[in-house]
Amino acid sequence: MKKILFPTDFSEAATNAFVHALEFAKIVNGELILLHTFEIPVYDSQFFPENYASIYSSIELAKFETFKDEIPKLRTIAMERKLEDIVIKHRLMDGDLLYNLKNAVKEDQIDFVIMGTTGVSDWTKFFLGSNTSSVISGVDVPVLCVPVDAKFKKIKTIGFTTRYREKDKKELKKVLKIAKKTGAKVKSLYVKTSNSDISDVTVKEWEREFANDNVEFLVLPSDEIKETILDFVLYKEIDVLAMITHKRSFFESIFDSSFTKKMSKETSVPVLIMHED
Numbered sequence: 704m705k706k707i708l709f710p711t712d713f714s715e716a717a718t719n720a721f722v723h724a725l726e727f728a729k730i731v732n733g734e735l736i737l738l739h740t741f742e743i744p745v746y747d748s749q750f751f752p753e754n755y756a757s758i759y760s761s762i763e764l765a766k767f768e769t770f771k772d773e774i775p776k777l778r779t780i781a782m783e784r785k786l787e788d789i790v791i792k793h794r795l796m797d798g799d800l801l802y803n804l805k806n807a808v809k810e811d812q813i814d815f816v817i818m819g820t821t822g823v824s825d826w827t828k829f830f831l832g833s834n835t836s837s838v839i840s841g842v843d844v845p846v847l848c849v850p851v852d853a854k855f856k857k858i859k860t861i862g863f864t865t866r867y868r869e870k871d872k873k874e875l876k877k878v879l880k881i882a883k884k885t886g887a888k889v890k891s892l893y894v895k896t897s898n899s900d901i902s903d904v905t906v907k908e909w910e911r912e913f914a915n916d917n918v919e920f921l922v923l924p925s926d927e928i929k930e931t932i933l934d935f936v937l938y939k940e941i942d943v944l945a946m947i948t949h950k951r952s953f954f955e956s957i958f959d960s961s962f963t964k965k966m967s968k969e970t971s972v973p974v975l976i977m978h979e980d
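All letters in the sequence shown, in the order written, are residues 704 to 980 by my numbering.
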């Protein structure tokens, strides 16, 4: 059974992403592990010698009560979607979200992470924040990012961006497995820039290798990579976009404020981040 880590702050974005997490768990035959983190303010114990410990205890108790109160609401959502059989476990952790997420992935042997985003600020914080380099290197599982406006619908078409590298085939095969479970078609996109070194022969080789899979290979000539990806998502009616990371430079060049704003506003589709080896 696949394990899916779902970090939540019980916000609107997280609740919307929870629906996607439930449906994804059904597709991959997985269980959900809900991760809620909180940070306790730092106090100087010399100014609070008597009630120093009680301050921490009261904060921890309050967070636990909030966590306990929110869980039934999520279970109600599962029941309403007739997905109450999905196994849901919980982790309440003190500390930084990204640090705890990284540890939870390792400790629970997580296969996927699914999280909600509210727009540019969250994408920027998660992908370009100060802790990002360590998170990307430490979390080697796919991360599905769900914009708050992306309402769940049956996945019929999955987009996949590639640079036709040999190691991209491994990630494409993972996407094809997911697509097969939901009966979806995969549309693979390569944006061929003016300085591209990918030959037509390479593309034909890929087409032959994956001839028995439900995948279509598209090569679009353009030097406007981000705009081409957006048009691809919009006009090819992509329901989920799968992209492979190319280390930190990938996020700096692709996930800038203008791209994420357009992605959220114009397309509102979940993005599955695949981590290259």
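Glycine residues also receive a C-beta, built at the ideal position from the N, C-alpha and C atoms.
Given residue i as reference, the closest of the options once Cα atoms are compared
i, options, result
"residue 880", "732, 714, 723", "732"
"residue 884", "861, 908, 896, 900", "861"
"residue 873", "740, 845, 854, 856", "845"
"residue 891", "791, 784, 935, 904", "935"
"residue 711", "908, 704, 724", "724"
"residue 810", "707, 728, 850, 787", "707"
"residue 802", "789, 738, 863, 854", "738"
"residue 978", "882, 816, 729", "816"
"residue 818", "799, 851, 789, 787", "851"
"residue 942", "863, 843, 921, 913", "863"
"residue 877", "897, 947, 899, 896", "947"
"residue 896", "736, 908, 923", "923"
"residue 788", "797, 729, 814", "729"
"residue 774", "797, 798, 736, 921", "736"
Inter-residue spacing [alpha-carbon to alpha-carbon] between residue i and residue j
i, j, result
"residue 894", "residue 931", "7 Å"
"residue 702", "residue 820", "Residue 702 falls outside the range modelled here, since the chain spans only 704 to 980, and no answer is possible."
"residue 781", "residue 973", "20 Å"
"residue 720", "residue 918", "27 Å"
"residue 866", "residue 847", "20 Å"
"residue 901", "residue 791", "45 Å"
"residue 726", "residue 794", "20 Å"
"residue 704", "residue 734", "7 Å"
"residue 910", "residue 870", "16 Å"
"residue 906", "residue 854", "34 Å"
"residue 718", "residue 784", "14 Å"
"residue 859", "residue 945", "14 Å"
"residue 722", "residue 913", "32 Å"
"residue 800", "residue 740", "6 Å"
"residue 908", "residue 713", "47 Å"
"residue 776", "residue 806", "26 Å"
"residue 812", "residue 856", "28 Å"
"residue 899", "residue 933", "20 Å"
"residue 903", "residue 715", "46 Å"
"residue 796", "residue 804", "10 Å"
"residue 779", "residue 915", "41 Å"
"residue 887", "residue 939", "13 Å"
Range covered by the beta strand (DSSP E) that runs through residue i
i, result
"residue 849", "846-850"
"residue 715", "No beta strand (DSSP E) holds residue 715; the alpha helix (DSSP H) holding it covers 715-731."
"residue 890", "888-895"
"residue 863", "860-864"
"residue 974", "974-977"
Residue range of the alpha helix (DSSP H) that includes residue i
i, result
"residue 910", "903-912"
"residue 885", "871-885"
"residue 801", "800-810"
Residues bridged to residue i (per DSSP)
i, result
"residue 794", "738"
"residue 707", "735, 815"
"residue 820", "850"
Chain B within 8 Å of residue i, Cβ atoms only
i, result
"residue 798", "Absent from the structure: chain B. Only one protein chain is present."
Query - Any alpha helix (DSSP H) of 4 or more consecutive residues that is wholly inside the stretch 914-949 - result: 928-938
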